[in-house]
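In numbering that gives the first Met the number 0, the protein residues as written are 0 to 167.
A short worksheet on the structure shown next.
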Amino acid sequence: MTNELLFDFTVDKAAKTVFITREFDADLSLVWDAFTKAEILDQWVAPKPWTSKTKFMDFKVGGRRFYAMVSPEGQERWSIQKYTSISPKINFKMFNAFADKDENPELPGSEWDLNFSEQNGTTKVSISIYNESLARMEKMIEMELHSEGFKMSMNNLDNLLATLSKNE
């Protein structure tokens, strides 16, 4: 694995937006699948010792993913993602909101825009996350995206991609 892969995590409070850029030493189609298939997402998206469990996922425009981040003690933090735009292996957009276990969203939410590109066997994922409110953005950063936790999730994905690449 290449040790010089890009990872950038920037918070722009004035724009109420988080920008994340991360490179992976893996094929574009494999990285795309890691972000768009529940059975792969659940293997990497939660920073350890937390785990992720997807109750359902329908990756299509108008489709949804309902999932929880689960603490080692069994506490569940649910979220709903609604897919608003998909350009296969290039981009997808979604609306994300915290929710209760009965799928009632806690609004406001955030708009995610994920872009994928590949060059010389390295895949770059650029994510922008716009929040309707600064308070919601700060809560999201605290609960889901704090840079250390997100870094841990990205490292989980690196390790998973290495394993999946060997099995191809």
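Each residue gets a CB set at the ideal place from its N, CA and C atoms; glycine is no exception.
Through-space distance from residue j to residue i, alpha-carbon basis
{"i": "D11", "j": "N119", "result": "31 Å"}
{"i": "F23", "j": "N103", "result": "35 Å"}
{"i": "K52", "j": "M68", "result": "7 Å"}
{"i": "I79", "j": "N166", "result": "31 Å"}
{"i": "D112", "j": "A37", "result": "18 Å"}
{"i": "P107", "j": "T83", "result": "16 Å"}
{"i": "R76", "j": "T121", "result": "33 Å"}
{"i": "E72", "j": "P48", "result": "10 Å"}
{"i": "D101", "j": "M139", "result": "20 Å"}
{"i": "S164", "j": "T35", "result": "17 Å"}
{"i": "T50", "j": "S70", "result": "7 Å"}
{"i": "T1", "j": "N155", "result": "Here the model assigns T1 a pLDDT of 44, short of 50, so the residue's position is not dependable and the matter cannot be decided."}
{"i": "A14", "j": "L160", "result": "33 Å"}
{"i": "F8", "j": "M136", "result": "14 Å"}
{"i": "R64", "j": "M56", "result": "4 Å"}
{"i": "E170", "j": "K123", "result": "The first residue shown for the chain is 0 and the last is 167, placing residue 170 beyond what the model contains."}
{"i": "Y66", "j": "K54", "result": "5 Å"}
Rounded Cβ spacing between residue i and residue j (contact assumed at less than 8 Å)
{"i": "F115", "j": "N90", "result": "7 Å"}
{"i": "F97", "j": "E105", "result": "4 Å"}
{"i": "K88", "j": "L27", "result": "6 Å"}
{"i": "E110", "j": "K92", "result": "7 Å"}
Residue environment, residue i, which counts as buried when at least 16 other CB atoms sit within 10 Å
{"i": "A33", "result": "buried"}
{"i": "S127", "result": "buried"}
{"i": "A25", "result": "buried"}
{"i": "V60", "result": "exposed"}
{"i": "D99", "result": "exposed"}
- How about the stretch 10-21 and the stretch 38-45: do they share at least three Cβ pairs that are nearer than 8 Å? No, the stretch 10-21 does not touch the stretch 38-45.
- For the stretch 149-165 against the stretch 129-139, are there 3 or more C-beta pairs whose distance is under 8 Å? With the cut-off at 8 Å, the stretch 149-165 and the stretch 129-139 do not touch.
- Message: To test your reading of the DSSP string, which unbroken alpha helix (DSSP H) runs of 4 or more residues are found completely within the stretch 78-147?
- Response: Counting only runs of 4 or more, we get 133-139.
- Query: What runs of the beta strand (DSSP E), each 3 residues or longer, lie entirely inside the stretch 13-64?
  - Reply: 16-23, 50-56, all fully within the stretch 13-64.
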